[in-house]
Amino acid sequence: MRNPILYNESYSKLSAEENILLDKSLEYIKSFVENSPKISNVNYATRDAHAKTYAYIDSIFKPSQDPLVQSIFTKDKYNAIVRVSHAHIKIISTDKQLPLYGNSFKIILDNQKEINLPLVNFPVFVTNSVSNFLKIFNEVNQLFTNSLIQKPNHLVEIISNLIPVGFETMNKDFIKSINQWRKMYSYFIFSRNYHSIGAYKIGNYMMKIKAVPQLFHPEFDEGKTINETIQNYLKKYSLKFKLFYQLSYDEDDQPINNLLKIWKNSPDIEFGTFEFNNVIAETLEMENLSFNPFDNIDELLPVGKIQQLRQKIYETSINARKNINNQSKF
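Okay, here's the thing in structure tokens:
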């Protein structure tokens with residue numbers, strides 16, 4: 006019987022250069038969030054990614070009987086909230102965008118503790134290079150916040166940094182994922198699988214997690230907007246997402262810091278089920294909700310270098326948003 010790899014904090018350690026780039030990123034993120042009401046033409050500060058909310062959904066989470074899962078969850082079911090979103094950093098009025106979606110799952114535990122699992126409808130990431138990712142991220146943020154005369158320079162820098170990323174994505178798993186995504190281009194938002202961007206702890210081990218729709222009914226009333234379609238669907242049909250996890254047993258088949266590779270030779274193990282109920286009205290309180298996975302209990306914290314970037318990014322974005330939104334009228 007194989008033994009899973011034990012968690013080690015070295016998987017998440019950034020270099021000195023990467024930390025310097027990250028510190029710069031935090032300045033640009035704060036500036037972007039402070040300018041986001043103007044950028045997105047709304048009266049509140051938005052997130053710096055996945056800015057557009059399609060719906061907040063009241064849900065129930067039921068953990069599986071798997072021993073590792075049972076070591077974390079002591080109850081049969083938990084209240085939960087799901088945020089359905091689009092990946093763009095700017096809120097676009099039309100829903101006719103590339104189908105790059107997010108399903109962020111929040112499990113509410115006792116004693117004001119929670120578990121956040123932000124998942125996306127693409128199984129791999131675009132780069133393993135922390136520095137390339139941060140350079141692109143910084144230029145994109147500045148593209149939206151700086152003056153018109155500076156925008157061409159930022160576009161040139163974005164393209165320049167995308168070139169090595171383009172070479173990285175020329176691999177079997179990324180191409181396979183793109184082809185699958187293209188086949189599902191016009192599929193409804195709830196008919197897709199959702200994946201963790203990187204790895205998470207599960208107890209003393211490390212995992213990746215995905216959500217797979219169950220009981221999905223292919224015939225439904227399509228509304229004028231995705232939000233309306235979601236409401237129509239949930240009024241008429243039941244919807245569940247079953248979560249599965251894979252353990253990391255070796256770095257070749259289940260690498261923690263190679264996010265361009267689909268994990269193989271590790272079976273899907275049931276983590277639990279989310280039962281979707283009603284759409285929750287969008288309020289400033291809901292918009293201020295954080296789905297920061299670094300707020301998780303210790304047994305389910307994110308792992309990996311790209312994941313580590315997100316800790317300070319989440320914190321900076323959340324603090325900037327709340328400072329503005331606490332003074333706003335939704």
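The sequence shown: position 280 = 285 (our numbering), numbered continuously. Glycine included, every Cβ here is placed at the ideal spot set by N, Cα and C. Owing to the predicted nature of the structure, the values given are computational and were not obtained by experimental measurement.
- The three-state reading of DSSP puts G309 in coil, since its state is none of H, G, I, E or B.
- Under the three-state reduction of DSSP, E287 is assigned to coil, being neither helix nor strand.
- Note that the region 259-270 touches the region 308-326; at least 3 beta-carbon pairs, one per stretch, sit closer than 8 Å.
- Per DSSP, G203 has no beta-bridge partner at all.
- Between the C-alpha atoms of Y250 and D273 there is a straight-line separation of about 6 Å.
- Residue burial annotation: L314 is buried, with at least 16 other C-beta atoms found within 10 angstroms of its C-beta.
- Counting along the chain, E227 sits inside no alpha helix (DSSP H), nor does DSSP assign it H or E at all.
- When secondary structure is reduced to three states using DSSP, Q102 falls in the coil class, being assigned neither helix nor strand.
- The alpha-carbon separation between S98 and Y61 amounts to approximately 18 Å.
- Counting other Cβ atoms within 10 Å of its Cβ, Y192 stays below 16 and is therefore classed as exposed.
- The C-alpha of Y12 lies about 12 Å from the C-alpha of E256.
- A Cβ-Cβ distance of about 17 Å is found for the pair A216 and L252, leaving them out of contact under the 8 Å criterion.
- Secondary structure of D303 (DSSP, three-state): helix.
- Less than 8 Å divides the Cβ of L73 from the Cβ of I207.
- Closest in alpha carbon position to F281, among V89, S41, F149, is V89.
- In the structure shown, P42 falls within a helical segment according to DSSP collapsed to helix, strand and coil.
- Listed in chain order, the non-local C-beta contacts of K118 below 7 Å within the same chain comprise I302, local neighbours out to five positions each way being set aside.
- Distances from the alpha-carbon of N24 to those of H91, K140, S76 put K140 closest.
- Straight across, the Cα-Cα distance linking V161 with V145 is about 11 Å.
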